[in-house]
Amino acid sequence: MLTKIIIILFAIYSSVFAQRRETILTYDKYMERIESLIPEMKLTASIESNAYNDLIRAKSSGDVKFDLQAGAIGTQNYFEQYNFLPQSTFRYNGFRIGAGFSGLIPYSGTRWAVKIQHDGYFGDFDSGNISFPFDATRRMVLPSLRTNNFKYYSPSIKIEIAQPILRDFFGKLDRYPIKDAEYQLTIAKLKRMIDDNSVLNSYRKLYYQWVMARRLISFYNDMIKGAKDFENRAKRGYTNGVIDNDSYQNAIRQTLKYIEARDEAEIVLKKVLRNIRFFIPETNTIPSERDWNNTLKNSMNAKIETVPFLESIQGQMAHQLKLRAEYGMTIIKNNSMPDLSIVGNLSLSALDDNGFFNSFASMTNLNYFVGLMFSYPIGGRDAKAKMMDAYASLNAVSADYERVNRDYEIQIGIYYDEFQSYKKMLEIKKREINAIASKINTQNEKFKQGRIPIDEIINSKLELAKARAETLNLEYSIIRTVMDYNSLVMME
């Protein structure tokens with residue numbers, strides 16, 4: 017007897033000690049861990065970052081290009097004697113320094129270039145005597161021309177501008193990579209919100225599954241304890257011949273039913289713990305019962321109502337996809353037009369021997385061109401094929417938009433119906449529990465008076481346990497439905 021007492025006391029002490037060591041993890045702290053460690057959110061962040069980098073890359077089309085050149089130049093030309101021209105030699109060495117800026121203004125389509133160049137020539141020219149007829153019998157001979165160590169400087173400035181007015185009308189095609197990248201970044205941000213919220217919502221529900229499984233296990237443990245006591249009393253009654261064997265076996269069945277239900281709840285708990293083990297490795301951590309109660313209260317008072325599709329994040333993303341496809345169609349149409357541009361160039365230059373810097377003041381040689389440039393690919397088969405692809409893409413995006421909109425409206429309706437039904441079923445289930453509990457009290461009195469068999473009490477207790485478990489499941493269903501609804505209609 018003493019040994020049994022010691023074992024019981026040790027078990028009680030161990031249980032109390034274990035409970036003291038358990039740490040309650042609130043819902044907020046739980047979600048903080050999930051959000052800080054979950055790999056899926058890191059992946060979606062990377063996708064959004066790539067979209068942002070693509071936008072920066074697209075805007076590089078407006079970068080100004082700087083070119084610089086410096087080096088030596090030279091030539092040596094030899095001219096054979098021809099008619100009255102003698103043999104001649106022309107040679108020079110020199111340098112060339114040049115710098116230029118060029119670029120594109122994407123928002124107007126203007127292409128421009130400015131180039132400054134300066135050449136210096138150092139050399140000589142040598143020719144023989146120049147002989148040409150003076151009259152019918154005589155020829156005139158001029159002395160040879162020779163220039164040694166000549167120095168000439170030739171500065172020049174050139175400006176070029178081209179402005180498209182049909183294809184790429186004021187930069188329509190040039191803006192496309194930037195505008196398309198902006199669409200893709202917006203879509204990536206919305207998709208990140210949807211994907212992050214979706215995966216987080218699954219972990220939100222896991223927390224309350226965790227609470228529910230623990231509650232069910234605790235509930236069935238209490239029921240098993242009571243059922244075993246009842247089973248022992250039934251065994252004594254059967255041994256003493258007070259009750260029949262079938263009633264005793266029914267008492268055993270009651271205990272086994274509770275054990276079976278507890279084992280099912282333990283399977284649910286193990287699944288939950290396995291899913292959150294990456295984030296919650298501690299084995300002595302338990303969820304907060306208070307958070308369950310508060311969330312259930314808030315969920316019961318929640319409103320599930322229709323939210324316009326375009327006000328939801330899903331609707332905004334579908335709308336952006338459609339806008340991007342429509343914008344791409346306008347680009348394809350413009351790309352199929354002829355290329356007509358206003359072009360112009362202006363150059364100033366000089367050839368002077370007054371020195372490097374002084375030569376800039378003598379830039380009086382002016383050349384310019386202003387006009388139109390036209391080109392068009394005959395046949396245009398590539399443009400036609402791209403147009404057909406764009407139409408097919410737009411039709412696909414439009415069809416997907418309608419599908420997502422339809423599914424969204426259907427799902428909201430389903431959540432509304434489920435929410436209303438679960439609340440009604442929960443109220444009915446509570447009334448059912450009260451009715452069964454009252455029936456059991458009456459049956460206990462009748463059993464004491466020998467008016468009913470023990471089987472009726474056993475069956476009623478099984479009904480009561482089932483109703484209480486169903487109540488807990490209905491409470492979780494309400495919490496889950498509200499969470500799924502909020503995830504669906506998520507708005508910025």
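Numbered per our numbering, the sequence shown spans residues 17 to 508. Heads up, the beta-carbon is just placed ideally off N, CA and C, and yes, glycines get one too.
Residue i vs residue j beta-carbon contact at 8 Å
i	j	result
Lys174	Phe138	no
Pro171	Ser365	yes
Ile15	Ile40	Summary: the structure shown does not reach residue 15, with the chain confined to residues 17 through 508, and so no result is reported for it.
Gly119	Lys81	yes
Leu490	Tyr438	yes
Thr322	Arg208	no
Tyr224	Trp308	yes
Met239	Tyr264	no
Ser342	Leu410	Just to set this straight, residue 342 is Glu in the shown sequence, not Ser. Yes; because the gap between Cβ atoms is below 8 Å, this pair is in contact.
Asn266	Ile456	no
Ser378	Gln179	no
Lys205	Glu64	yes
Ala406	Gly344	yes
Gln511	Asp279	Any question about residue 511 goes unanswered here, given that the chain covers just 17 to 508.
Val284	Ala229	yes
Thr91	Tyr68	no
Thr487	Lys440	no
Tyr254	Asn261	yes
Identity of the residue in the options nearest residue i by Cα
i	options	result
Tyr219	Tyr43, Val505 and Glu443	Tyr43
Leu232	Tyr501, Tyr169 and Ala485	Ala485
Glu298	Leu289, Leu488 and Glu305	Leu289
Val386	Ile177, Ile113 and Val130	Ile177
Ala86	Lys195, Pro469 and His134	His134
Gly181	Ser391, Ile89, Leu285 and Ala277	Just to set this straight, residue 181 is Ile in the shown sequence, not Gly. Nearest C-alpha to Ile181: Ser391.
Lys195	Ala74, Tyr254 and Glu282	Ala74
Asp83	Glu48, Ile449 and Ala129	Ala129
Thr11	Asn450, Asp140 and Ile320	A question about residue 11 goes unanswered here, because the residues of the chain that appear run from 17 up to 508.
Gly114	Tyr108, Arg107, Gly136 and Glu198	Gly136
Asp500	Asn248, Glu461 and Gln427	Gln427
Glu448	Ser476, Ser76, Tyr424 and Arg467	Ser476
Lys482	Ser352, Gly257 and Glu276	Glu276
Asp212	Val359, Met47 and Tyr424	Met47
Tyr192	Thr346, Asn256 and Asp140	Thr346
Glu198	Ser304, Ile72 and Leu442	Ile72
Asp521	Tyr169, Phe185, Glu282 and Thr126	The requested residue 521 is not part of the displayed model; the chain covers only 17 to 508.
Ser304	Ser214, Met404 and Val227	Val227
Asn361	Phe294, Arg127, Ile468 and Lys287	Arg127
Ile468	Ile259, Glu282 and Ala408	Ile259
Where residue i falls, given that 16 or more other Cβ within 10 Å makes a residue buried
i	result
Glu508	Low per-residue confidence applies at Glu508: pLDDT is 43, beneath 50, and the placement is therefore not dependable, though the value from the model is reported in the following sentence. Exposed: under 16 other Cβ atoms inside 10 Å.
Arg422	exposed
Thr311	buried
Ser190	A small correction: the amino acid at residue 190 is Asp; Ser does not occupy that position in the sequence shown. The residue is buried, with at least 16 neighbouring Cβ atoms inside 10 Å.
Leu388	exposed
Thr271	buried
Tyr492	buried
Pro122	buried
Ile296	buried
Ile444	exposed
Val505	buried
Lys464	exposed
Ile8	Here the chain has residues from 17 to 508 only, and residue 8 is not among them.
Gln332	buried
Arg306	exposed
Ile470	buried
Phe325	buried
Gln97	Since pLDDT at Gln97 reaches only 49, below the 50 mark, its modelled position is unreliable, and the value read off the structure follows with that caveat. Result: exposed.
Tyr384	exposed
Ala451	exposed
Ala408	exposed
Asn165	exposed
Leu382	exposed
Presumed contact (8 Å Cβ cut-off) between residue i and residue j, rounded CB distance
i	j	result
Asn66	Arg183	No, Asn66 and Arg183 are not in contact; Cβ-Cβ is about 31 Å, not under 8 Å.
Lys400	Ile348	Wrong, their Cβ atoms sit about 10 Å apart, outside the cutoff.
Leu478	Ala453	Rounded, the Cβ-Cβ distance is 13 Å, inconsistent with contact.
Ile89	Gly110	5 Å
Ser124	Gly187	5 Å
Arg49	Asn300	15 Å between Cβ atoms; not a contact.
Ile494	Phe435	7 Å
Ile210	Gln330	6 Å
Tyr169	Asp398	Actually they do not touch by this definition, with Cβ atoms about 49 Å apart.
Near the ligand ATP: residue i beta-carbon under 7 Å from a heavy atom
i	result
Lys402	The ligand ATP is not part of this structure, which contains no ligands at all.
Proximity test, Cβ basis, 8 Å: residue i and chain D
i	result
Phe138	Within the model displayed, chain D is absent; a lone protein chain is all it includes.
Check whether the stretch 52 to 66 and the stretch 311 to 320 touch, using three or more Cβ-Cβ pairs below 8 Å as the test.
The stretch 52 to 66, when compared against the stretch 311 to 320, does not touch it at the 8 Å Cβ threshold.
Would you call the stretch 408 to 420 in contact with the stretch 332 to 347, where contact means no fewer than 3 C-beta pairs closer than 8 Å?
Contact holds: three or more Cβ-Cβ distances are below 8 Å.
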